[in-house]
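**Q** Protein chains in written order, with our numbering: chain A, 2 to 200; chain B, 2 to 200; chain C, 2 to 200; chain D, 2 to 200.
Glycine residues also receive a C-beta, built at the ideal position from the N, C-alpha and C atoms.
For clarity, every value in this text was computed on a predicted model and none was experimentally measured.
This is the structure I want to talk about, given as structure tokens.
Protein chains: 4
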Amino acid sequence: MSDRRARRKQQLLEAAKAVFEEKGYVAATVDDIVGRVDVARGTFYLYFDDKLAVFEALVESFMAALGQCIVSIDLTPGAPSPRDQLRANLRRVVELAVGDPAMVKIALSTAMGVDAGLDEKLSVFYGLLRQFMDETLETGQRLGIVRSGPRGPMLSIALGGMEGLLLDAVSGAVDSDVDELVESVMRFLESGLLDRPRA
Amino acid sequence: MSDRRARRKQQLLEAAKAVFEEKGYVAATVDDIVGRVDVARGTFYLYFDDKLAVFEALVESFMAALGQCIVSIDLTPGAPSPRDQLRANLRRVVELAVGDPAMVKIALSTAMGVDAGLDEKLSVFYGLLRQFMDETLETGQRLGIVRSGPRGPMLSIALGGMEGLLLDAVSGAVDSDVDELVESVMRFLESGLLDRPRA
Amino acid sequence: MSDRRARRKQQLLEAAKAVFEEKGYVAATVDDIVGRVDVARGTFYLYFDDKLAVFEALVESFMAALGQCIVSIDLTPGAPSPRDQLRANLRRVVELAVGDPAMVKIALSTAMGVDAGLDEKLSVFYGLLRQFMDETLETGQRLGIVRSGPRGPMLSIALGGMEGLLLDAVSGAVDSDVDELVESVMRFLESGLLDRPRA
Amino acid sequence: MSDRRARRKQQLLEAAKAVFEEKGYVAATVDDIVGRVDVARGTFYLYFDDKLAVFEALVESFMAALGQCIVSIDLTPGAPSPRDQLRANLRRVVELAVGDPAMVKIALSTAMGVDAGLDEKLSVFYGLLRQFMDETLETGQRLGIVRSGPRGPMLSIALGGMEGLLLDAVSGAVDSDVDELVESVMRFLESGLLDRPRA
DNA sequence: CATGAATGAGCCTTCATTCAT
DNA sequence: GATGAATGAAGGCTCATTCAT
């Protein structure tokens with residue numbers, strides 16, 4: 002039954018996720034993974050070509066989910082304000098992250114440098130994300146919603162800031178309440194960290 | 002001949018830095034390192050206990066340098082404004098990073114998850130950095146220089162943002178002009194990304 | 002349903018023959034075989050004890066067929082000349098070989114060294130063949146049809162020569178016209194390769 | 002010292018030769034090989050890239066030696082008769098074979114089908130050998146030394162016959178006296194197996 | 001009869017580390 | 001100090017074979 006197969010594959014994916022989170026990709030062994038599901042080593046290879054394949058499956062599906070969270074700002078009259086749409090995007094991303102802490106750690110701390118092929122895919126993904134955000138920012142600048150100035154550093158800081166916040170949230174360094182996280186980011190985007198500089 | 006020893010050790014450290022940057026800690030082999038210095042494999046072990054030791058030496062010295070960059074805000078009358086002191090701190094960090102791109106990549110992309118012992122040390126370092134910044138922020142809030150509100154998320158975003166910016170700078174995604182990088186961060190801290198929300 | 006069984010078994014035998022020819026015994030997998038018949042892996046084991054069993058079945062049936070091709074020289078008066086009987090033997094062997102090129106390749110290139118048990122059986126078969134030929138040669142020598150001298154090397158060369166010719170025929174290195182092959186061998190047996198040595 | 006290395010490599014080559022002869026390439030394990038020399042498994046990989054590499058080294062050096070045995074027939078006046086030169090070629094080949102029985106078994110029974118790359122090299126070698134012999138035969142035919150007729154089958158039979166004889170010689174099925182082996186082949190080449198057919 | 005998921009022994013290969021020279 | 005040959009633990013992967021359905 003393909004049902005059985007699907008279940009087994011899911012078990013292996015989850016076991017792999019846990020193992021990768023705990024030990025990192027390289028230290029993780031196929032034995033660790035199958036040990037968690039209590040199946041033989043060979044079984045693993047019935048479902049994945051090799052160790053890298055599970056890792057890729059995990060990261061890619063997470064990246065796909067992340068991609069789903071982010072939708073273009075709708076500028077048609079009657080649509081919610083860009084600010085609210087941005088907040089909605091943020092909220093979806095934060096919810097995704099908070100709902101799958103292990104994947105956040107895996108994707109953000111161990112995914113790069115694991116394999117040339119995967120690195121390439123991740124780079125492409127990050128590149129697309131960055132480009133998408135860049136276009137959004139450009140539109141925002143035209144509309145006077147986003148402060149003017151070179152967008153490159155803004156993007157790097159904003160994306161890095163999100164990564165930092167999410168990582169700290171899932172690792173318990175900051176409270177992982179979705180509303181609070183979203184508002185924190187919004188405040189940072191809106192007013193930065195320092196109080197209004199005089200003049 | 003302690004001079005000779007020191008030079009050899011330095012050669013090995015630099016070779017290791019280059020190799021770690023190129024291949025990541027795990028994929029890097031002791032052979033790669035000694036091959037660059039054109040020295041026998043056994044020689045490596047005359048200078049370092051094991052592979053992890055070089056890595057730690059590199060990361061720790063970088064962390065130490067980083068620690069030197071950051072000095073407490075001097076509130077005595079007559080000292081430069083806190084804003085200028087913050088900017089000076091930032092500038093030192095950015096200069097350090099831009100001056101040693103390889104270490105930035107190593108410390109920020111491959112350092113975590115490599116080894117339990119190293120992870121611990123890094124955590125401690127990050128924890129101290131975070132705590133120091135937290136106290137700084139607290140002072141800032143008391144003085145009305147830093148916007149009020151929970152500091153945890155602010156810290157996570159700010160530190161993550163710095164990481165993101167520095168990584169993108171050393172990898173060429175954004176221009177690595179020190180002044181521009183410093184000003185970008187300052188603007189982000191001062192006004193965020195979005196323009197003044199109306200009302 | 003013993004008919005159905007027989008058909009299935011035949012399908013598997015033919016699939017195995019093709020796979021063994023292409024990849025050799027060791028590289029061939031049970032999966033390759035069942036994949037060709039589009040049958041599940043377990044099914045294979047309903048018809049054969051193990052991988053070696055199919056191989057043996059193939060080789061043994063080929064050896065049996067080969068054995069059928071070779072009949073003792075009939076010396077009764079009125080029988081065809083020994084030369085013609087030899088030619089007839091040869092023709093049957095050549096026809097068998099040309100009609101089943103895959104088995105020729107399998108039996109002559111990959112059969113030895115595969116498995117101790119099979120090696121034993123092959124050795125026995127070759128031994129019997131050799132012994133039979135030896136007796137035939139002896140008779141021939143007594144009748145003055147076969148040149149005198151030690152028969153061992155003659156046998157080795159003649160049998161090896163046949164193998165070489167048949168292998169080259171089925172692999173396309175020499176033309177595989179039955180008549181031509183038979184006559185080539187006859188000429189070799191009758192006059193060797195070199196022209197009449199002078200004096 | 003490179004001396005030590007050379008000795009070790011030689012030991013491993015000889016151990017590998019023995020193992021390949023006994024078990025065949027595929028059944029042979031690197032463990033079998035190092036076990037014979039009583040070194041650790043890793044040591045093997047200091048001298049050869051992988052299991053295939055030793056095998057290739059063995060086969061190629063044997064093929065090279067074989068190539069050395071065969072020299073073109075010298076037709077200049079005053080040179081020994083072509084027949085004697087042929088005999089000398091034969092003798093060198095036989096001596097090589099008798100002096101290294103294991104390699105004969107390896108090269109003639111297990112070398113094909115082991116690896117695509119090696120197969121290619123062997124095919125090229127056999128092809129060259131065949132072509133060389135073909136040219137020699139052609140010259141012989143022009144000079145009236147070699148019987149006329151299509152050379153393809155003659156070559157297949159002669160080469161196959163040699164293989165058969167050498168294999169049987171090294172495996173003890175026929176006496177391995179060099180002179181006798183050479184003369185057996187010469188007789189076969191000169192007069193075939195059957196006695197002079199009448200008329 | 002047929003299926004195909006599961007098993008697990010076994011092999012190849014890598015590489016950090018040691019140590020005799 | 002320096003060398004580099006040797007070690008051997010460890011892990012990825014394959015595939016013949018079994019067995020519950």
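Closer than 9 Å between beta carbons: that is the criterion. Which residues of the segment 150-166 of chain B meet it against chain A?
**A** From the segment 150-166 of chain B, only GLY150, PRO151, GLY153, PRO154, MET155, LEU156, SER157, ILE158, ALA159, LEU160, GLY161, GLY162, MET163, GLU164, GLY165, LEU166 have a Cβ closer than 9 Å to chain A.
**Q** Looking at the secondary structure, which residues open and close the alpha helix (DSSP H) in which PRO78(A) lies?
**A** Within the first sequence, the letter at position 77 stands for residue 78(A). PRO78(A) -> no alpha helix (DSSP H), and no H or E assigned at all.
**Q** Cutting at 6 Å between CB atoms, please list the residues of its own chain near GLN86(B), excluding the five before and the five after it.
**A** Position 85 of the second sequence holds residue 86(B). Taken in chain order, the residues that qualify are ILE74.
**Q** Does DSSP classify LEU194(D) as helix, strand or coil?
**A** Counting from 1 along the fourth sequence, the entry for residue 194(D) is found at position 193. Here LEU194(D) sits in coil by DSSP.
**Q** Which residues, in chain order, does the segment 57-74 of chain C contribute to contact with chain D at a C-beta distance below 9 Å?
**A** For the segment 57-74 of chain C, which is checked against every Cβ of chain D, not one residue is closer than 9 Å.
**Q** Note down the Cα distance separating SER149(C) from GLY153(D), rounded to an integer number of angstroms.
**A** Locating residue 149(C) in the third sequence gives position 148, where the first residue counts as 1. Locating residue 153(D) in the fourth sequence gives position 152, where the first residue counts as 1. Approximately 28 Å between the Cα atoms of the pair.
**Q** Starting from the C-beta of LEU109(A), find all residues in its chain whose C-beta is less than 6 Å away, skip the five residues before and the five after it, and write them out in chain order.
**A** In the first sequence, counting from the first residue as 1, residue 109(A) sits at position 108. Within the same chain, LEU109(A) has close Cβ partners GLU164, LEU168.
**Q** Checking contacts by CB at 9 Å: is ILE146(C) closer than that to chain D?
**A** Against the third sequence, residue 146(C) aligns to sequence position 145. Yes, ILE146(C) counts as interfacial toward chain D.
**Q** Are the segment 169-182 of chain C and the segment 97-108 of chain C touching by the rule of at least three beta carbon pairs closer than 8 Å?
**A** Short answer: they touch.
**Q** Start and end of the alpha helix (DSSP H) containing ASP4(B)?
**A** Sequence index remark: in the second sequence, residue 4(B) carries index 3 (1-based). Note, ASP4(B): alpha helix (DSSP H), 3-28.
**Q** What are the boundary residues of the alpha helix (DSSP H) that includes ILE71(A)?
**A** Looking up residue 71(A) in the first sequence gives position 70. Element bounds for ILE71(A): n/a, residue is neither H nor E.
**Q** Indicate whether at least one CB of chain B lies closer than 9 Å to the CB of ASP169(A).
**A** Here residue 169(A) refers to the residue found at position 168 when the first sequence is read from its first residue. Yes, its Cβ sits closer than 9 Å to a Cβ of chain B.
**Q** Please list the partners that VAL186(D) has in chain C, where partner means a Cβ-to-Cβ separation under 9 Å.
**A** Counting from 1 along the fourth sequence, the entry for residue 186(D) is found at position 185. Chain C residues near VAL186(D): PRO154, ILE158.
**Q** Could you name the residues of the segment 171-185 of chain D whose beta carbon sits closer than 9 Å to any beta carbon of chain C, in the order they occur along the chain?
**A** Those would be ALA174, VAL175, ASP176, GLU181, LEU182, GLU184, SER185, in chain order.
**Q** Give the straight-line distance between the Cα atoms of ARG37(B) and ALA16(B), rounded to the nearest whole angstrom.
**A** On the second sequence, residue 37(B) is found 36 positions in, with the first residue counted as 1. On the second sequence, residue 16(B) is found 15 positions in, with the first residue counted as 1. About 6 Å.
**Q** Who are the Cβ neighbours of PRO83(B) in its own chain at under 6 Å, not counting the five residues just before and after it?
**A** For the purposes of this step, residue 83(B) is taken as the residue at position 82 of the second sequence. ILE74, ILE146.
**Q** So which of LEU53(B), VAL40(B), GLY43(B), VAL99(B) has the shortest CA-CA distance to GLY119(B)?
**A** As a position in the second sequence, residue 119(B) is number 118, starting the count at 1. The residue asked about is misnamed: residue 119(B) is Leu in this sequence, not Gly. When each option's Cα is compared against that of LEU119(B), the closest is LEU53(B).
**Q** Three Cβ pairs or more, each shorter than 8 Å: is that satisfied between the segment 17-25 of chain D and the segment 55-69 of chain D?
**A** The segment 17-25 of chain D is in contact with the segment 55-69 of chain D.
**Q** Please report the distance separating the alpha-carbon of VAL179(A) from that of THR77(B).
**A** Your numbering for residue 179(A) matches position 178 in the first sequence. Your numbering for residue 77(B) matches position 76 in the second sequence. When rounded, the distance between both Cα atoms is 40 Å.
**Q** Name the one or two DSSP bridge partners that VAL147(D) has.
**A** Counted from its first residue, the fourth sequence places residue 147(D) at position 146. DSSP, once it has assigned bridges, lists LEU195(C) as partnering VAL147(D).
**Q** When you compare only the Cα positions, how much space is there between VAL186(B) and SER192(B)?
**A** By 1-based counting over the second sequence, the position of residue 186(B) is 185. By 1-based counting over the second sequence, the position of residue 192(B) is 191. Going by the C-alpha atoms only, they are around 10 Å apart.
**Q** Consider the Cβ of GLY141(D): report whether some Cβ of chain C lies at a distance smaller than 9 Å.
**A** In the fourth sequence, the residue the question calls residue 141(D) occupies position 140. Yes, its Cβ sits closer than 9 Å to a Cβ of chain C.
**Q** Under 9 Å, Cβ to Cβ, is there at least one residue of chain C near ALA28(D)?
**A** By 1-based counting over the fourth sequence, the position of residue 28(D) is 27. By this cut-off, ALA28(D) is an interface position.
**Q** List the residues of chain D whose Cβ lies closer than 9 Å to the Cβ of LEU123(C), in chain order.
**A** Position 122 of the third sequence holds residue 123(C). Result: empty, since nearest Cβ-Cβ is about 11 Å, beyond 9 Å.
**Q** Let me confirm a value: GLY25(D) is counted as buried when at least 16 other C-beta atoms fall within 10 Å, else exposed. Which label applies?
**A** Looking up residue 25(D) in the fourth sequence gives position 24. The residue is buried, with at least 16 neighbouring Cβ atoms inside 10 Å.
**Q** Taking VAL44(B) as part of the alpha helix (DSSP H), name the residues at either end of that continuous run.
**A** Your numbering for residue 44(B) matches position 43 in the second sequence. Reading the sequence as shown, one finds Thr at residue 44(B) and not Val. First-last of the alpha helix (DSSP H) with THR44(B): 42-48.
**Q** With DSSP run on the structure shown, which of helix, strand or coil describes ASP120(C)?
**A** Locating residue 120(C) in the third sequence gives position 119, counting from the first residue. Note: ASP120(C) maps to helix in three-state DSSP.
**Q** Answer with buried or exposed for GLY68(B), where buried requires no fewer than 16 other C-beta atoms within 10 angstroms of its C-beta.
**A** Against the second sequence, residue 68(B) aligns to sequence position 67. Counting Cβ neighbours within 10 Å, GLY68(B) comes out exposed, since fewer than 16 surround it.
**Q** Within the continuous alpha helix (DSSP H) that includes SER157(C), where are the two ends?
**A** Counted from its first residue, the third sequence places residue 157(C) at position 156. SER157(C) -> alpha helix (DSSP H) spans 152-171.
**Q** Give me the Cβ distance between VAL31(C) and ARG42(C), rounded to the nearest whole Å; I'm assuming they're in contact under 8 Å.
**A** In the third sequence, counting from the first residue as 1, residue 31(C) sits at position 30. In the third sequence, counting from the first residue as 1, residue 42(C) sits at position 41. Going by Cβ atoms, the distance from VAL31(C) to ARG42(C) rounds to 6 Å, so yes, they are a contact pair.
**Q** Reducing DSSP to helix, strand and coil, say where VAL60(A) ends up.
**A** As a first step, residue 60(A) is located in the first sequence; it is residue number 59 there, counting from the start. VAL60(A) falls in the helix class under three-state DSSP.
**Q** Using a Cβ-Cβ cut-off of 9 Å, state whether PHE49(B) counts as contacting chain A.
**A** Numbered from its first residue, the second sequence carries residue 49(B) at position 48. For PHE49(B), the answer is no, since every Cβ of chain A falls outside 9 Å of its Cβ.
**Q** Is any beta-carbon of chain B found at less than 9 Å from that of SER3(A)?
**A** As a first step, residue 3(A) must be located in the first sequence, where it is residue number 2. Not closer than 9 Å to any Cβ of chain B, the Cβ of SER3(A) fails to qualify, so no.
**Q** Within 10 Å of its beta-carbon, does SER62(B) have 16 or more other beta-carbons around it, so buried, or fewer, so exposed?
**A** Position 61 of the second sequence, counted from the first residue, corresponds to residue 62(B). SER62(B) should be labelled exposed.
**Q** I'd like to know whether the C-beta atoms of ILE71(B) and ARG93(B) end up nearer to each other than 9 Å.
**A** As a first step, residue 71(B) must be located in the second sequence, where it is residue number 70. As a first step, residue 93(B) must be located in the second sequence, where it is residue number 92. A contact, by the Cβ cut-off of 9 Å.
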